[in-house]
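Asker: Read in the UniProt record's numbering, the sequence shown has 29 at position 29, and its numbers run on one by one without any break.
Backbone N, C-alpha and C fix where the C-beta goes; we use that ideal spot for every residue, glycine too.
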Amino acid sequence: MAGLNVSIAFLFLVVGVCQALRWLSKRLLSPGTYGCLARELAGSLELCTSCLELRMLVEIGPWGGGFGPDVALTLLFLLFVVHGASFDGASANPTVSLQEFLLLESNLAATAAKLLAQGVGTGLGWAVTKLYWSWELTHFHLIQNLIASECSSSIHTSLHHAAFVEGTCSFLFHLVLLKLRRSHQMYWVPVLAATVTFLTYTARPFTGAFFNPALATVATFHCSGNSFWDYVQVYWLGPLAGMLAALLLYQGNIPRLFKKNLLYSQKSKYKIPKARVAAHMERDKPRQKRRGEKSNSEPHA
Numbered sequence: 001m002a003g004l005n006v007s008i009a010f011l012f013l014v015v016g017v018c019q020a021l022r023w024l025s026k027r028l029l030s031p032g033t034y035g036c037l038a039r040e041l042a043g044s045l046e047l048c049t050s051c052l053e054l055r056m057l058v059e060i061g062p063w064g065g066g067f068g069p070d071v072a073l074t075l076l077f078l079l080f081v082v083h084g085a086s087f088d089g090a091s092a093n094p095t096v097s098l099q100e101f102l103l104l105e106s107n108l109a110a111t112a113a114k115l116l117a118q119g120v121g122t123g124l125g126w127a128v129t130k131l132y133w134s135w136e137l138t139h140f141h142l143i144q145n146l147i148a149s150e151c152s153s154s155i156h157t158s159l160h161h162a163a164f165v166e167g168t169c170s171f172l173f174h175l176v177l178l179k180l181r182r183s184h185q186m187y188w189v190p191v192l193a194a195t196v197t198f199l200t201y202t203a204r205p206f207t208g209a210f211f212n213p214a215l216a217t218v219a220t221f222h223c224s225g226n227s228f229w230d231y232v233q234v235y236w237l238g239p240l241a242g243m244l245a246a247l248l249l250y251q252g253n254i255p256r257l258f259k260k261n262l263l264y265s266q267k268s269k270y271k272i273p274k275a276r277v278a279a280h281m282e283r284d285k286p287r288q289k290r291r292g293e294k295s296n297s298e299p300h301a
């Protein structure tokens, strides 16, 4: 268990360093620069290092440490609770940033800056984690260094099924995110963490359950077993299609592309109860009848 304790200490050290980076950036940079660059970079760095370390524990822990995947899943849930509470509005996920752009919540320049920061943050997170592993502080990291050069693809099913799995995970994740984005933080943080944990547990045997293009790129694109285009289909196009499907189902349209609602009819905001309408029509009938009698009784010229 000593190796597990070292990994847990590393995970929370990364969270503390990234939180300090956010605190410092918020005081030194303008709100726009902080929101588009520094916040996303820190969030992506934190997410990447955490997920790579947890992935290592999932792969090596059962036979190298004697604990099952339940330990890693528990850590995953706790870390996503911490991430949700500390990210300060960062998404650290390209599909979430693209969703905000399609919802007219972010312009093109801000979205491009966020995507750039996420790419730099995940790349930096991969480099930091590799450096940390090279110190071989535990036997987990020693084994990881021995097998690192022989890493294989995380796709353990057909390409179409793998793309469907990643797309479905992204669809469910974004649907929950859209439903809860107006809720208070104390509600959406644990629900989103539970959603990510459940999707990871369900989809990991097939694709590794990334549903985050930036994270998948640094974690698995360099491994043998599939071509670059195969990885693009599964880990880029799959999550993007899932996000678009969730947005279309939730909104009925994609605001950035068209305003017309394709799925849901536009009903009046103020509805009049049917009983009140019927009573109003019954009251009007005697008036209409009296008016008709009056017009008939008038002499014709």
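Mind checking R147: buried by the 16 CB within 10 Å criterion, or exposed?
Answerer: In the sequence on display, residue 147 carries Ile and not Arg. It counts as exposed.
Asker: Indicate the three-state DSSP secondary structure (helix, strand or coil) for S7 in the structure shown.
Answerer: helix
Asker: If we call anything under 9 angstroms between Cβ atoms a contact, is C36 one with K130?
Answerer: Remark: C-beta atoms of C36 and K130 do not approach each other more closely than 9 angstroms.
Asker: Any idea if A2 is buried or exposed, counting beta-carbon neighbours within 10 angstroms, 16 or more meaning buried?
Answerer: exposed
Asker: DSSP has S152 in a bridge; who is on the other side?
Answerer: The partner list for S152 (beta bridge, DSSP) reads S224.
Asker: Is there at least one non-hydrogen atom of the ligand GTP closer than 8 angstroms to the beta-carbon of L78?
Answerer: Although the ligand GTP was asked about, the structure shown includes no ligands whatsoever.
Asker: So what's S91 in DSSP terms, helix, strand or just coil?
Answerer: coil
Asker: For F12, collect the residues of the same chain with a Cβ closer than 7 angstroms to its Cβ; drop the 5 residues on either side in sequence, then sort them by chain order.
Answerer: none
Asker: From which residue to which residue does the alpha helix (DSSP H) around T74 run?
Answerer: Note, T74: alpha helix (DSSP H), P69 to S86.
Asker: Given this structure, state the Cα-to-Cα distance separating C18 from W63, to the nearest angstrom.
Answerer: 32 angstroms
Asker: Smallest Cα separation from T122: which of W236, G43, A209 and W23?
Answerer: Nearest C-alpha to T122: G43.
Asker: Are the CB atoms of G242 and L172 nearer to each other than 9 angstroms?
Answerer: G242 places its beta carbon less than 9 angstroms from that of L172.
Asker: Quick check: the Cα distance between S149 and S91, rounded to an integer number of angstroms?
Answerer: 31 angstroms
Asker: I need the DSSP call for S106, collapsed to helix, strand or coil.
Answerer: If DSSP states are grouped into helix, strand and coil, S106 belongs with coil.
Asker: Which residues in the same chain have their Cβ closer than 6 angstroms to the Cβ of L47, if we skip the five residues on either side of it in sequence?
Answerer: So the qualifying residues of the chain are A92.
Asker: By alpha-carbon positions, which one of S152, A203, L78 and A117 ends up nearest to F164?
Answerer: A203
Asker: Apply the 10 Å Cβ neighbour rule to T195 and answer buried if 16 or more other Cβ atoms are within range, or exposed otherwise.
Answerer: buried
Asker: Could you tell me the alpha carbon to alpha carbon distance between C151 and R55, rounded to whole angstroms?
Answerer: 12 angstroms
Asker: Buried or exposed for H83, please, with buried defined as at least 16 other CB atoms from any protein chain shown within 10 angstroms of its CB.
Answerer: buried
Asker: Using the beta-carbon count (16 or more within 10 Å), is N5 buried or exposed?
Answerer: Around the beta carbon of N5, fewer than 16 other beta carbons lie within 10 angstroms, which makes this residue exposed.
Asker: Quick check on A20: buried or exposed, where buried means 16 or more other Cβ atoms within 10 Å of its Cβ?
Answerer: Result: exposed.
Asker: Closest by CA to E105, which one among I254, N261 and K260?
Answerer: I254
Asker: The alpha helix (DSSP H) that contains residue 308, what's its start and end?
Answerer: Missing from the structure shown is residue 308; the chain here goes from 1 to 301 and no further.
Asker: Please confirm if the region 94-103 is in contact with the region 66-74, defined as three or more CB-CB distances below 8 angstroms between the two stretches.
Answerer: no
Asker: Assuming L199 and F211 form a contact by the criterion Cβ under 8 angstroms, report the distance between their Cβ atoms to the nearest whole angstrom.
Answerer: Correct: roughly 7 angstroms between the Cβ atoms.
Asker: By how many angstroms is the C-alpha of H160 removed from the C-alpha of S30?
Answerer: 44 angstroms
Asker: Shortest alpha-carbon distance to S86 belongs to which of V15, L178, A245 and V176?
Answerer: V15
Asker: Is it buried or exposed, R182, if we count other Cβ atoms within 10 angstroms and call 16 or more buried?
Answerer: exposed
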